[in-house]
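For the sequence shown, the numbering used here gives the first residue as 2, with consecutive numbering after it. Every residue gets a Cβ at the ideal spot worked out from N, C-alpha and C, and that includes glycine. This structure is a prediction, so every number in the text was calculated from the model and none was measured.
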Amino acid sequence: MPTSRKAKPNRAASISDVARESGVSIFTVSAVVNNKSHVGKALRERVEAAIQKLNYRPNLIARSMIKQKTQTIGMIVPDIANPFFPMVVRGAEDAALKQGYNLLLCNSDDSLAKEESAIELLLSKRVDGILLTKAAGDFSPALRQMIEEVNIPFVLVMRTYPQLTKDAVISDDYQGAYEAVCHLARAGRRRIGLVSGPLKISNAKERWRGFRHALEVNKLPYEPALVVEGDYRIESGFRAGHSLLSHGPDGIYVANHLMTIGLLKAVEEMGLRCPEDFGLVSFDDYPWLSVFRPRLTTVELPKHQLGSEAAELLIQRMAGNDGKPVLKKLLPELRIRESCGFAQFVASSHSRQAPSGPETVTAVDK
């Protein structure tokens with residue numbers, strides 16, 4: 002019969018304690034903990050009962066030294082306060098946990114120096130792979146050498162940086178911007194402005210390209226005074242709003258949600274109204290946008306899917322799948338609401354086309 006000897010109160014239970022409690026060898030306990038198939042059902046249940054009774058937790062550090070793996074993934078995002086990134090992180094964590102990995106999260110504040118420190122930290126923690134939304138700029142030679150020596154996989158999220166890896170999961174930012182500006186054109190807007198992200202970053206460049214192409218296709222002018230570069234934060238949207246709106250555009254496409262909030266603050270200060278004075282389309286969508294007035298037309302990005310597919314690709318690489326580089330582009334979705342003024346434009350077009358009746362003529366004459 003197995004002996005019932007609990008671990009000392011001030012000491013965590015060891016694998017030896019579990020072996021004594023269940024009356025089996027340490028090797029059998031290890032097989033159960035590591036889910037080996039050769040352990041019979043009755044024996045497995047006995048060991049699992051002892052594990053639960055003693056509140057045994059495997060020594061993950063020791064296990065990682067044996068396996069040369071820590072079962073952890075590092076993830077670095079530019080700004081966790083930006084409401085876009087929590088759902089991306091959640092998607093990555095959900096996918097990681099399904100495969101038995103934990104996620105360590107770092108915030109770079111879009112600073113190259115802080116990003117490099119975060120990578121060094123994650124490498125020192127011996128993570129098995131890293132998900133990275135790249136800040137603008139190139140890595141230092143010292144960091145490049147460290148990454149080469151450690152030789153763990155990276156997968157990029159939302160932004161590309163081929164000097165590190167060609168594996169990336171991004172949204173089709175060009176297509177999203179193109180559809181946004183084309184919709185403003187369909188709503189009768191003819192002088193369309195842009196509040197862009199920082200143009201050193203790949204997705205900001207793609208959104209700018211989509212904006213330019215949509216103007217060309219719709220035979221609309223490109224006016225440099227109606228293009229302002231922001232940094233994806235509220236304050237830059239506020240400054241851009243004052244600059245842009247002083248030139249009187251009748252349509253504006255803003256390249257992310259936080260800059261849209263800043264621009265709307267400028268609109269309020271300047272006493273303008275949307276969509277009466279200008280149409281507006283923003284990038285990215287959130288449940289709380291239904292409380293905005295007017296309700297915002299947006300380009301929704303698949304945030305959770307971006308994180309989960311990036312984590313799944315990284316786990317494949319960590320498992321030794323060294324196939325061709327993968328660049329996944331996830332399609333955005335245009336969600337049409339009130340801020341572009343499309344319904345207002347259609348209604349005014351119909352009224353202009355309607356034939357004037359006798360009552361109308363009499364009213365004009367009066």
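Separation of residue 135 from residue 198, as counted between CA atoms:
Counting from one through the sequence shown, the residue named residue 198 turns up at place 197. Counting from one through the sequence shown, the residue named residue 135 turns up at place 134. Distance between the alpha carbons of residue 198 and residue 135 is about 14 Å.
Which two residues bound the contiguous beta strand (DSSP E) that contains residue 329?
What you label residue 329 is simply residue 328 of the sequence shown in a count that begins at 1. Unbroken beta strand (DSSP E) run through residue 329: 328–331.
Please give the ranges of any alpha helix (DSSP H) in the stretch 161–236, keeping only runs that are unbroken, at least 4 residues long and fully inside the region.
Fully enclosed alpha helix (DSSP H) runs of 4 or longer: 174–187, 203–218.
Taking the beta carbon of residue 245 as the centre, do at least 16 other beta carbons fall within 10 Å, making it buried, or is it exposed?
As a position in the sequence shown, residue 245 is number 244, starting the count at 1. Classification for residue 245: buried.
Within 10 angstroms of the Cβ of residue 177, are there 16 or more other Cβ atoms? Answer buried if so, exposed if not.
As a working note, residue 177 is residue 176 in the sequence shown. Buried, since its Cβ has 16 or more Cβ neighbours within 10 Å.
Quick one, are the C-beta atoms of residue 101 and residue 305 less than 8 Å apart?
Along the sequence shown, read from residue 1 onward, the residue named residue 101 stands at position 100. Along the sequence shown, read from residue 1 onward, the residue named residue 305 stands at position 304. It is not a contact, given that the beta carbons lie outside the stated cut-off.
At which residues does the alpha helix (DSSP H) containing residue 262 begin and terminate?
Taking the sequence shown and counting its residues from 1, one reaches residue 262 at position 261. Its alpha helix (DSSP H) spans residues 258–271.
Please state whether the Cβ-Cβ distance between residue 345 and residue 276 is less than 8 Å.
Stepping through the sequence shown from its first residue, residue 345 is reached at position 344. Stepping through the sequence shown from its first residue, residue 276 is reached at position 275. Contact: yes.
Does residue 445 pass the burial test, meaning 16 or more other C-beta atoms within 10 Å, or should it be called exposed?
There is simply no residue 445 to check, as the chain begins at 2 and stops at 367 in what is shown.
Between the CA atoms of residue 183 and residue 310 - distance to the nearest angstrom:
Indexing the sequence shown from 1 puts residue 310 at position 309. Indexing the sequence shown from 1 puts residue 183 at position 182. When rounded, the distance between both Cα atoms is 29 Å.
Range covered by the beta strand (DSSP E) that runs through residue 297
Walking along the sequence shown from the start, residue 297 turns up at place 296. From DSSP, residue 297 is part of no beta strand (DSSP E); its letter is neither H nor E.
Under the three-state DSSP convention, the category residue 151 falls into:
To locate residue 151, count along the sequence shown from 1; it is residue 150. In the structure shown, residue 151 adopts helical secondary structure according to DSSP, grouped into three states.
Where residue 81 falls: helix, strand or coil (DSSP):
Within the sequence shown, the letter at position 80 stands for residue 81. DSSP places residue 81 in coil when its eight states are reduced to three.
Given a threshold of 16 other Cβ atoms within 10 Å of its Cβ, counted over all protein chains shown, does residue 18 qualify as buried or as exposed?
Here residue 18 refers to the residue found at position 17 when the sequence shown is read from its first residue. So residue 18 ends up on the buried side.
Assigned secondary structure, residue 159 (DSSP; H/G/I helix, E/B strand, else coil):
Residue numbering aside, residue 159 sits at position 158 when the sequence shown is read from its first letter. Of the three classes helix, strand and coil, the one that applies to residue 159 here is coil, per DSSP.
How far does the alpha helix (DSSP H) with residue 308 in it reach, from first residue to last?
Counting from one through the sequence shown, the residue named residue 308 turns up at place 307. Judged by DSSP secondary structure, residue 308 falls within the alpha helix (DSSP H) whose first and last residues are 304–319.
Looking at C-alpha atoms only, which residue of 138, 132, 90, 120 is the closest neighbour of residue 147?
Residue mapping note: residue 147 aligns to position 146 of the sequence shown, counting from 1. When only C-alpha atoms are compared, the closest one is 120.
Do residue 243 and residue 227 have their CB atoms nearer than 8 Å?
For the purposes of this step, residue 243 is identified with residue 242 of the sequence shown, where counting begins at 1. For the purposes of this step, residue 227 is identified with residue 226 of the sequence shown, where counting begins at 1. The answer is no: Cβ separation not under 8 Å.
Output the distance between the C-alpha atoms of residue 395 and residue 13, rounded to the nearest integer angstrom.
With the chain covering only 2 through 367, there is no way to say anything about residue 395.
Would residue 122 pass as a contact of residue 107 if the rule is Cβ separation under 8 Å?
For this step, residue 122 is matched to residue 121 along the sequence shown. For this step, residue 107 is matched to residue 106 along the sequence shown. Annotated as proximal: residue 122 and residue 107, with beta-carbon spacing under 8 Å.
Assuming residue 256 contacts residue 208 under a Cβ cut-off of 8 Å, what Cβ separation, rounded to an integer in Å, is found between them?
Numbered from 1 along the sequence shown, position 255 holds the residue referred to as residue 256. Numbered from 1 along the sequence shown, position 207 holds the residue referred to as residue 208. With a beta-carbon spacing of about 5 Å, residue 256 and residue 208 fall inside the 8 Å limit used to define contacts.
Integer-rounded CB distance, given that residue 253 should sit under 8 Å from residue 196
Mapped onto the sequence shown, residue 196 falls at position 195. Mapped onto the sequence shown, residue 253 falls at position 252. About 7 Å separates the CB atoms of residue 196 and residue 253; that is less than 8 Å, so the two are in contact.
Evaluate the contact criterion for the stretch 149–166 versus the stretch 126–133: three or more CB pairs, one atom per stretch, below 8 Å.
Flag = yes, the stretch 149–166 and the stretch 126–133 touch.
Suppose you measure from the CA of residue 289 to the CA of residue 258; what does that come to, to the nearest Å?
In the sequence shown, residue 289 corresponds to position 288, counting from 1. In the sequence shown, residue 258 corresponds to position 257, counting from 1. So the alpha carbons of these two residues sit roughly 12 Å apart.
Can you find the residues in the same chain that come closer than 8 Å, C-beta to C-beta, to residue 45, ignoring five residues on each side of it along the sequence?
The sequence position of residue 45 within the sequence shown is 44, counting from 1. Correct list, in chain order: 33.
Quick check on the DSSP output: the alpha helix (DSSP H) that includes residue 33 runs from which residue to which?
For the purposes of this step, residue 33 is identified with residue 32 of the sequence shown, where counting begins at 1. Looking at the DSSP string, the run of the alpha helix (DSSP H) that includes residue 33 is 27–34.
Please report how far the alpha carbon of residue 224 lies from the alpha carbon of residue 86, in whole angstroms.
Here residue 224 refers to the residue found at position 223 when the sequence shown is read from its first residue. Here residue 86 refers to the residue found at position 85 when the sequence shown is read from its first residue. C-alpha separation (whole angstroms): 32 Å.
Between the alpha carbons of residue 359 and residue 343, how many angstroms are there, rounded?
What you label residue 359 is simply residue 358 of the sequence shown in a count that begins at 1. What you label residue 343 is simply residue 342 of the sequence shown in a count that begins at 1. Its pLDDT being 40, under 50, residue 359 is placed unreliably by the model, and the measurement read from it follows with that caveat. Taking the straight line from one Cα to the other gives about 30 Å.
Which residue comes first and which comes last in the alpha helix (DSSP H) that contains residue 45?
For this step, residue 45 is matched to residue 44 along the sequence shown. Annotation for residue 45: the continuous alpha helix (DSSP H) segment containing it runs 42–55.
Go ahead and label residue 291 buried or exposed: buried means 16 or more other beta carbons lie within 10 angstroms of its beta carbon, across all protein chains shown.
For the purposes of this step, residue 291 is taken as the residue at position 290 of the sequence shown. So residue 291 ends up on the exposed side.
Nearest neighbour of residue 179, chosen from 334, 150, 26 [CA to CA]:
Here residue 179 refers to the residue found at position 178 of the sequence shown. Taking each of 334, 150, 26 in turn and checking the Cα distance to residue 179, the smallest one comes out for 334.
Three-way DSSP call (helix, strand, coil) for residue 240 in this model
Sequence index remark: in the sequence shown, residue 240 carries index 239 (1-based). DSSP places residue 240 in helix when its eight states are reduced to three.
Spell out whether any CB of chain B is found under 8 Å from the CB atom of residue 125.
Among the protein chains of the structure shown there is no chain B, as only one such chain exists.
Taking Cβ positions, are residue 78 and residue 181 nearer each other than 8 Å?
As a working mapping, residue 78 is identified with position 77 in the sequence shown. As a working mapping, residue 181 is identified with position 180 in the sequence shown. Residue 181 is positioned such that its CB atom lies no closer than 8 Å to that of residue 78.
Alpha carbon to alpha carbon, what distance is there between residue 56 and residue 212?
Numbered from its first residue, the sequence shown carries residue 212 at position 211. Numbered from its first residue, the sequence shown carries residue 56 at position 55. The alpha-carbon atoms of residue 212 and residue 56 are separated by roughly 58 Å.
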